[in-house]
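Trainee: Residue numbers (our numbering), protein chains in the order written: chain A, 19 to 219; chain B, 1273 to 1618.
In this text, a Cβ means the ideal position worked out from N, Cα and C, and glycines have one as well.
My questions will all concern the structure given below.
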């Protein structure tokens, strides 16, 4: 579970398939596949004929959710090897999307954030996007000093993968950047950073 | 009145000082002997002569040096000034407001002449004389907000109003108390105040937002905010925290009077006429403890306030490390006598 009470973090309210949508576009990562499978259990299979699913297995590859998703028989299913091609394909989907398309994102927070960034670029109101957090609570963090982003941060502090400064992960999230803020933890006395602690498993 | 501008620095050798005149007009932020967050807003109207409230956009002896420091910050990090694309009308609103106020209240230093949309702006302290077309960004050397806020003291945020919320969609932020425009741009009111402790729980931000959504044109409002800074450094950004953070370990009982500065923000908020956005001016004033205790009332009150602060606020304002040294040093200025109400010297 994600910790509650961070004012700047979006609320991930859960996928709730919209019966009025003409088309459903799902961007799913890892355990996010189960969020869609759960929806089929709740809402039935009818919406699948109007659904396009983009899936990135990531850390859940051994569970082979791709096979289960494909077996649901959606209008279109496509599995990506890594995030970059998924984002490329997702842009193509948005280029072709028509009025009445509903967007759903499920997976880790870093994944949700990066998909939302692209969606917002395309002028989609973030309030209209259905999101559900599944899987690791790892954070995507931007170093406030060098501006480099580090993915899948599970500890605080952690060493910025770009400039190397030990960063405290602040509970402050930017939707525009799709990242939390990392601030040098031993700025006042360099070399005194505490040992990293597993905070976001 | 003609202001004599000081030649001074806010970095490296830190030659910034306040004149005797400027000490007396410092906006001391504590109107009583204790402090807690509140929606401490009041109408931003002209106040006492020889106070920072005399004019609504205050220009003081540090003007030229502050503008030089801002130029240095921007050269190092251009992301301190950003505007989202839909903010152009609000940028022009901001340029108009600042030019009109500076020209009206400081005619010796600034002149604005309008001939339809052709405007001529003269800034004598900075040696600027530009003629441009209002509304046409191509006629200025910078986008309008950047152009005028390179010539106006304080940080500036332009906040858009929609969906019953306020959105931090443009800003010039080079003298901030540890927050990042680059990180916060695009956030709404609750989001950008996310990291502030205690205030959310006591409803301060709900009330403040409600109040600001109804802010009217021609009726600006203001509040004071404060923190402490070691050395008179304007650029205490999170971006550069690893550069200025070590300053905090240099405070000793011998140098605290000279090194420790009370940092006060006079925040004023203005509804803008064309864009319906709000201009949020965060004007920073610095005063060393040595300078501050020359006003006996302030010397008595500051240690009392510092003693009574809740631990969350001590931590959030970065005071934990040096509070004991400050309290020891300030103790001799508190003789226990009662203090008069309000912020002004007796």
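(1) Counting only C-beta atoms, is residue 1335 of chain B closer than 8 Å to chain A at any point?
(2) How would you write the range of the beta strand (DSSP E) that residue 125 of chain A sits in, first residue to last?
(3) For residue 183 of chain A, go through chain B and note every residue whose CB falls closer than 7 Å to its CB, in chain order.
(4) What does residue 163 of chain A reach in chain B if we use C-beta pairs closer than 7 Å?
(5) From the DSSP output, in three-state form, read off residue 1318 of chain B for me.
(6) Which residues of chain B have a Cβ atom closer than 8 Å to the Cβ of residue 206 of chain A, listed in chain order?
(7) Name the chain B residues whose beta carbon is nearer than 9 Å to that of residue 202 of chain A?
(8) Name the two residues that bound the continuous beta strand (DSSP E) containing residue 1386 of chain B.
(9) For residue 195 of chain A, which residues in chain B fall below 8 Å Cβ to Cβ?
(10) Grab me the residues of residue 1464 of chain B's own chain with a C-beta within less than 6 Å of its C-beta, minus the 5 sequence neighbours each way, in chain order.
(11) Could you run through the region 137-167 of chain A and flag, in chain order, every residue whose CB is less than 8 Å away from some CB of chain B?
(12) Of all the options B:1317, B:1275 and B:1299, which has the alpha carbon lying nearest to the alpha carbon of residue 1542 of chain B?
(13) Counting only Cβ-Cβ distances shorter than 7 Å, please list the residues of the region 1474-1487 of chain B near chain A, keeping chain order.
(14) Name the DSSP beta bridge partners of residue 69 of chain A, please?
(15) Alpha carbon to alpha carbon, how far is residue 56 of chain A from residue 90 of chain A? Give it in angstroms, no decimals.
(16) Can you pull the chain A residues whose beta carbon is under 8 Å from the beta carbon of residue 1458 of chain B, in chain order?
(17) How about the region 105-112 of chain A and the region 76-87 of chain A: do they share at least three Cβ pairs that are nearer than 8 Å?
(18) What's the gap between the Cα of residue 192 of chain A and the Cα of residue 1379 of chain B?
(19) Could you please give the first and the last residue of the uninterrupted beta strand (DSSP E) stretch that includes residue 1438 of chain B?
(20) Is it true that the region 1324-1342 of chain B meets the region 1446-1455 of chain B, where meeting means three or more beta-carbon pairs spaced less than 8 Å apart?
(21) Is residue 173 of chain A closer than 8 Å to residue 10 of chain A when the C-beta atoms are compared?
(22) If you measure between the beta carbons of residue 1505 of chain B and residue 1289 of chain B, is that distance less than 8 Å?
(23) If you run the structure through DSSP and keep just helix, strand and coil, what is residue 1492 of chain B?
(24) Roughly how many whole angstroms lie between the Cα atoms of residue 72 of chain A and residue 43 of chain A?
(25) Please classify residue 1348 of chain B: is it buried, with 16 or more other beta-carbons within 10 angstroms of its beta-carbon, or exposed?
(26) DSSP three-state call for residue 1609 of chain B: helix, strand or coil?
(27) Might you give, ordered along the chain, the residues of its own chain that have their beta carbon closer than 6 Å to the beta carbon of residue 1361 of chain B, omitting 5 neighbours on each side?
(28) Provide the residue(s) that pair with residue 171 of chain A in DSSP beta bridges, ordered along the chain.
(29) Identify which residue in A:180, A:159 and A:146 has its Cα closest to the Cα of residue 132 of chain A.
(30) With a threshold of 16 other CB atoms inside 10 Å of the CB of residue 1531 of chain B, please say whether the residue is buried or exposed.
(31) Does the beta carbon of residue 1315 of chain B come closer than 8 Å to any beta carbon on chain A?
(32) Decide if the region 1426-1433 of chain B is in contact with the region 1546-1563 of chain B; the criterion is three or more beta carbon pairs, one per stretch, under 8 Å apart.
(33) In chain A, which residues lie with their C-beta within 8 Å of the C-beta of residue 1533 of chain B?
(34) Report the CB separation of residue 1309 of chain B from residue 1476 of chain B in whole angstroms; it is logged as a contact under 8 Å.
(35) For chain B, find out if any of its Cβ atoms is closer than 8 Å to the Cβ of residue 68 of chain A; answer yes or no.
(36) Please state the DSSP three-state secondary structure of residue 1510 of chain B.
Mentor: Inspection of the coordinates gives the following:
(1) Position 63 of the second chain, counted from the start, is the residue given in the question as residue 1335 of chain B. So, not an interface residue.
(2) Stepping through the first chain from its first residue, residue 125 of chain A is reached at position 107. Residues 119-125.
(3) Sequence index remark: in the first chain, residue 183 of chain A carries index 165 (1-based). The answer, in chain order, is 1514.
(4) What you label residue 163 of chain A is simply residue 145 of the first chain in a count that begins at 1. Within chain B, the residues near residue 163 of chain A are 1511 and 1514.
(5) Taking the first residue of the second chain as position 1, residue 1318 of chain B is located at position 46. The answer is coil: DSSP assigns residue 1318 of chain B none of H, G, I, E or B.
(6) Locating residue 206 of chain A in the first chain gives position 188, where the first residue counts as 1. Under the 8 Å cutoff, chain B gives 1517, 1518, 1520, 1521 and 1593.
(7) As a position in the first chain, residue 202 of chain A is number 184, starting the count at 1. Those within 9 Å of residue 202 of chain A in chain B are 1510, 1513, 1514 and 1517.
(8) Residue mapping note: residue 1386 of chain B aligns to position 114 of the second chain, counting from 1. Note, residue 1386 of chain B: beta strand (DSSP E), 1382-1387.
(9) As a position in the first chain, residue 195 of chain A is number 177, starting the count at 1. Within 8 Å Cβ-Cβ: 1455.
(10) Within the second chain, the letter at position 192 stands for residue 1464 of chain B. Only 1440 and 1456 meet the Cβ criterion.
(11) 160, 162, 163 and 165
(12) On the second chain, residue 1542 of chain B is found 270 positions in, with the first residue counted as 1. Out of B:1317, B:1275 and B:1299, B:1317 has the C-alpha closest to the C-alpha of residue 1542 of chain B.
(13) none
(14) By one-based count along the first chain, residue 69 of chain A stands at place 51. Looking at the DSSP assignment, residue 69 of chain A forms a beta bridge with A:42.
(15) Within the first chain, residue 90 of chain A is the residue found at index 72, counting from 1. Within the first chain, residue 56 of chain A is the residue found at index 38, counting from 1. Near 12 Å, if we compare the C-alpha coordinates of residue 56 of chain A and residue 90 of chain A.
(16) Taking the first residue of the second chain as 1, we reach residue 1458 of chain B at position 186. Under the 8 Å cutoff, chain A gives 192, 193 and 194.
(17) no
(18) As a position in the first chain, residue 192 of chain A is number 174, starting the count at 1. As a position in the second chain, residue 1379 of chain B is number 107, starting the count at 1. So the two alpha carbons sit approximately 43 Å from each other.
(19) Numbered from 1 along the second chain, position 166 holds the residue referred to as residue 1438 of chain B. Start and end: 1437-1444.
(20) yes
(21) The structure shown does not extend to residue 10 of chain A, since chain A is modelled only from 19 through 219, so no value can be given for it.
(22) To locate residue 1505 of chain B, count along the second chain from 1; it is residue 233. To locate residue 1289 of chain B, count along the second chain from 1; it is residue 17. No, the Cβ-Cβ distance between residue 1505 of chain B and residue 1289 of chain B is not below 8 Å.
(23) One-based indexing of the second chain puts residue 1492 of chain B at position 220. In the structure shown, residue 1492 of chain B sits in coil (DSSP, three-state: anything other than H, G, I, E or B).
(24) Residue mapping note: residue 72 of chain A aligns to position 54 of the first chain, counting from 1. Residue mapping note: residue 43 of chain A aligns to position 25 of the first chain, counting from 1. So the alpha carbons of these two residues sit roughly 8 Å apart.
(25) Counting from one through the second chain, the residue named residue 1348 of chain B turns up at place 76. Under this definition residue 1348 of chain B is an exposed residue.
(26) As a position in the second chain, residue 1609 of chain B is number 337, starting the count at 1. Note: residue 1609 of chain B maps to coil in three-state DSSP.
(27) What you label residue 1361 of chain B is simply residue 89 of the second chain in a count that begins at 1. Only 1546 and 1547 meet the Cβ criterion.
(28) One-based indexing of the first chain puts residue 171 of chain A at position 153. According to DSSP, residue 171 of chain A bridges with A:157.
(29) As a position in the first chain, residue 132 of chain A is number 114, starting the count at 1. For residue 132 of chain A, the nearest C-alpha among the options comes from A:159.
(30) In the second chain, residue 1531 of chain B corresponds to position 259, counting from 1. Residue 1531 of chain B should be labelled buried.
(31) Translated into positions along the second chain, residue 1315 of chain B becomes position 43. Not closer than 8 Å to any Cβ of chain A, the Cβ of residue 1315 of chain B fails to qualify, so no.
(32) yes
(33) Position 261 of the second chain, counted from the start, is the residue given in the question as residue 1533 of chain B. Correct list: empty, because the minimum Cβ distance to chain A is about 17 Å.
(34) The sequence position of residue 1309 of chain B within the second chain is 37, counting from 1. The sequence position of residue 1476 of chain B within the second chain is 204, counting from 1. Contact flag correct, Cβ pair sits at about 5 Å.
(35) Counted from its first residue, the first chain places residue 68 of chain A at position 50. So no, residue 68 of chain A is outside the interface.
(36) Within the second chain, residue 1510 of chain B is the residue found at index 238, counting from 1. In the structure shown, residue 1510 of chain B sits in coil (DSSP, three-state: anything other than H, G, I, E or B).
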